[in-house]
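See structure below.
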Amino acid sequence: MRTRIASLSEIPPGGTKEVAVGDQVVAVFNVAGTLYALDGICPHSGGPLAKGRLSGDVITCPWHGWQFNVTTGHHCLAPRIRTGCIAVTVEGDDVFVETGDPPS
Numbered sequence: 031m032r033t034r035i036a037s038l039s040e041i042p043p044g045g046t047k048e049v050a051v052g053d054q055v056v057a058v059f060n061v062a063g064t065l066y067a068l069d070g071i072c073p074h075s076g077g078p079l080a081k082g083r084l085s086g087d088v089i090t091c092p093w094h095g096w097q098f099n100v101t102t103g104h105h106c107l108a109p110r111i112r113t114g115c116i117a118v119t120v121e122g123d124d125v126f127v128e129t130g131d132p133p134s
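Counting with my numbering, you get residues 31 to 134 for the letters of the sequence shown.
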């Protein structure tokens with residue numbers, strides 16, 4: 031399901047945004063003008079990834095410091111641990127994400 035989640039101006043370079051799309055929390059990150067999105071819930075203990083600190087392409091979960099590369103979803107120290115990546119597209123000033131199947 032394709033969903034508009036924001037205006038591009040709402041997520042400036044270095045910025046983050048948390049949005050709810052259906053029953054899913056999505057964390058969106060602007061790394062040097064390119065947008066990436068991950069499952070917004072840290073797999074360690076449920077922390078809100080978009081509320082963390084973004085440094086380059088690494089987000090640090092605010093609850094326990096787990097770090098993920100936002101371009102791949104991989105944990106920075108244990109790459110076998112990852113969080114889900116979500117496709118992002120930008121059309122004009124509109125930001126869209128692709129999430130699971132639409133509700134029936």
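A virtual CB, placed ideally from N, CA and C, is assigned to each residue, including glycine.
Counting along the chain, where does the beta strand (DSSP E) carrying THR129 start and finish?
-> What you label residue 129 is simply residue 99 of the sequence shown in a count that begins at 1. According to the DSSP assignment, THR129 belongs to no beta strand (DSSP E), since it is labelled neither H nor E.
Within the same chain, show all residues whose beta-carbon is closer than 7 Å to that of GLY70, passing over the 5 residues directly before and after it, in chain order.
-> The sequence position of residue 70 within the sequence shown is 40, counting from 1. For GLY70, the CB contacts under 7 Å within the same chain, skipping 5 residues up- and downstream, are GLU48, VAL55, VAL56, ALA57, PRO78, LEU79 and ALA80 in chain order.
Hey, PHE37 and VAL118: beta-carbon distance below 8 Å or not?
-> Counting from 1 along the sequence shown, the entry for residue 37 is found at position 7. Counting from 1 along the sequence shown, the entry for residue 118 is found at position 88. Rather than Phe, the amino acid found at residue 37 in this sequence is Ser. Cβ atoms of SER37 and VAL118: not closer than 8 Å.
Beta-carbon contacts of VAL88 that lie in its chain and below 8 Å, excluding the five residues immediately before and after = Taking the first residue of the sequence shown as position 1, residue 88 is located at position 58. For VAL88, where only same-chain residues beyond five positions count, the Cβ hits under 8 Å are GLN97, PHE98, ASN99, VAL100 and CYS106.
Simplified DSSP assignment, three categories, for THR65 | As a first step, residue 65 must be located in the sequence shown, where it is residue number 35. Here the sequence assigns Leu to residue 65, which means Thr is not the residue at that position. Three-state DSSP puts LEU65 in a strand.
With a threshold of 16 other CB atoms inside 10 Å of the CB of ALA62, please say whether the residue is buried or exposed.
-> Counting from one through the sequence shown, the residue named residue 62 turns up at place 32. So ALA62 ends up on the exposed side.
Mind checking whether the beta-carbon of GLY63 lies closer than 7 Å to any heavy atom of the ligand NAP?
-> The ligand NAP is absent from the structure shown, which contains no ligand whatsoever.
Test item: CB-CB of LEU84 and ILE116 under 8 Å = Stepping through the sequence shown from its first residue, residue 84 is reached at position 54. Stepping through the sequence shown from its first residue, residue 116 is reached at position 86. The Cβ-Cβ distance between LEU84 and ILE116 does not fall below 8 Å.
Is SER75 helix, strand or coil by DSSP?
-> To locate residue 75, count along the sequence shown from 1; it is residue 45. In the structure shown, SER75 sits in coil (DSSP, three-state: anything other than H, G, I, E or B).
Pick from ILE41, SER39 and VAL51 that is closest to VAL127, judged by C-alpha positions = Counting from 1 along the sequence shown, the entry for residue 127 is found at position 97. Relative to VAL127, the option among ILE41, SER39 and VAL51 whose CA is nearest is VAL51.
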